[in-house]
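See below for the structure under consideration.
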Amino acid sequence: MTSDVCCPRCKEPETPMHTFFFCEFARKVWAEIPLKHTVHIAVDETFKTAITWFRKAICLPPVGVTTNIMPWTCWMIWKERNTLIFEGKSRTPEEIAAKALGLAREWKQAQQIQQTKGKKIPSYRQDQRSQQDLIECRTDAAWDKGQRKAGLAWIFTGLQNPAQDQGHTTQDFVNSPLIAEALAVRLSLCMAATMKLSKLRVCSDSLTLIAAINNKQQMKEIVGIVRDIQEISSEFDFIVFSHIPRKNNERADSLAKQALRAASV
């Protein structure tokens with residue numbers, strides 16, 4: 001790719017930096033990647049410099065990407081460029097960003113499966129002596145099949161700072177209610193770790209999810225998220241995952257539905 005070639009979208013001279021970062025389409029793709037801090041790349045910088053900058057870039061939860069997102073995003077931008085040139089087809093920046101995040105998650109899951117192959121995933125047991133100062137976290141999710149969108153909610157009980165006792169958000173491109181429930185648990189653990197909580201009881205009204213986390217059964221559609229949950233769990237001094245009846249989780253359920261309704265307006 002040289003400067004003698006024009007960008008198929010904006011007709012500007014095409015260079016690696018233009019294609020992957022400065023073209024208006026590429027900018028819109030990067031705007032959809034939920035980075036903790038925006039990576040600012042100057043026009044006169046090289047692709048090698050961009051790689052260095054992105055080594056420190058972190059994706060915000062709950063997308064489930066803890067590895068470098070740059071290779072996957074650039075790969076999808078490049079594939080989209082070629083699809084436009086050779087097939088005359090084009091997708092939206094939102095679709096390209098979602099695909100890049102999906103590829104990054106799949107790669108991470110593949111590495112985890114390889115690393116844990118032949119090893120028993122640790123279980124989380126209840127210990128009455130460890131339950132002093134235990135914080136309870138109840139999670140729930142609301143799912144919209146048509147929009148493939150989910151509302152995620154979590155509620156902490158027993159915090160010294162009540163201002164942090166609950167939260168909610170939405171997640172796009174969610175393919176099932178079980179995935180939504182798993183995302184809610186994973187996000188609540190991220191929040192608990194950020195708050196430096198040490199002893200936690202995580203409650204969900206999804207019996208299937210709790211069984212998967214506790215290694216009683218494995219579900220293919222959430223295996224990657226469950227491994228994330230178990231990995232994050234190692235940050236706590238004590239943690240237990242419990243199933244609660246739906247009627248006892250109405251507050252978290254209401255919060256998740258509220259988040260979903262607000263995002264659908």
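Count the sequence shown with full-length UniProt numbering and you get residues 1 to 265, in order. C-beta atoms are modelled at their ideal positions from N, C-alpha and C, and glycine is treated no differently.
Closer than 6 Å by C-beta to residue i: which residues in its own chain qualify, once you throw out the five before and the five after it? Chain order, please.
i	result
residue 98	173
residue 89	83
residue 197	135
residue 235	193
residue 109	224
Assuming the contact rule is C-beta atoms closer than 8 Å, residue i and residue j should be a hit. Round their C-beta distance to whole Å, please.
i	j	result
residue 171	residue 150	5 Å
residue 249	residue 140	6 Å
residue 157	residue 104	Rounded, the Cβ-Cβ distance is 34 Å, inconsistent with contact.
residue 137	residue 50	Between residue 50 and residue 137 the Cβ distance is about 39 Å, and since that is not below 8 Å, they are no contact.
residue 155	residue 252	5 Å
residue 244	residue 205	6 Å
residue 264	residue 144	7 Å
residue 257	residue 142	4 Å
residue 101	residue 168	Going by Cβ atoms, the distance from residue 101 to residue 168 rounds to 21 Å, so no, they are not a contact pair.
Which residues bound the beta strand (DSSP E) around residue i?
i	result
residue 167	166-172
residue 150	149-157
In the structure shown, what three-state DSSP assignment does residue i receive?
i	result
residue 18	helix
residue 201	strand
residue 139	strand
residue 109	helix
residue 23	coil
residue 134	coil
residue 246	helix
residue 43	coil
residue 65	coil
residue 116	Annotation note: pLDDT 47 at residue 116 (below 50); position unreliable, coordinate value reported separately. Helix at residue 116.
residue 129	Interpretation of residue 129 is limited by its pLDDT of 46, a score under 50 that renders its predicted location unreliable; the figure taken from the coordinates is listed afterwards. The answer is helix: DSSP assigns residue 129 an H, G or I state.
residue 216	coil
Per DSSP, residue i is paired with what?
i	result
residue 13	6
residue 241	202
residue 144	149
residue 35	59
Please report the residue range of the alpha helix (DSSP H) in which residue i lies.
i	result
residue 258	250-264
residue 230	223-233
residue 81	70-87
residue 186	177-194
residue 213	207-213
residue 51	47-54
Residue i: beta carbon under 6 Å from a heavy atom of the ligand NAD?
i	result
residue 173	Ligands in the displayed structure: none, and consequently the ligand NAD is not present.
Please list, in chain order, all residues of the same chain as residue i whose beta carbon is under 8 Å from its beta carbon, the five residues on each side excluded.
i	result
residue 186	61, 62, 64, 225, 228, 229, 232
residue 57	35, 36, 37, 39, 68, 69, 70
residue 222	178, 179, 182, 209, 212
residue 74	20
residue 176	143, 221
Skipping 5 residues on each side, what residues in its chain have a beta carbon closer than 7 Å to that of residue i?
i	result
residue 96	29, 76, 77, 80
residue 211	217
residue 274	As shown, the chain starts at 1 and ends at 265. That puts residue 274 outside it, with no answer to give.
residue 8	81, 84, 85
residue 10	23, 24
Using a Cβ-Cβ distance under 7 Å, would residue i count as near chain D?
i	result
residue 245	Going by chain labels, chain D is absent from the structure shown, which holds only one protein chain.
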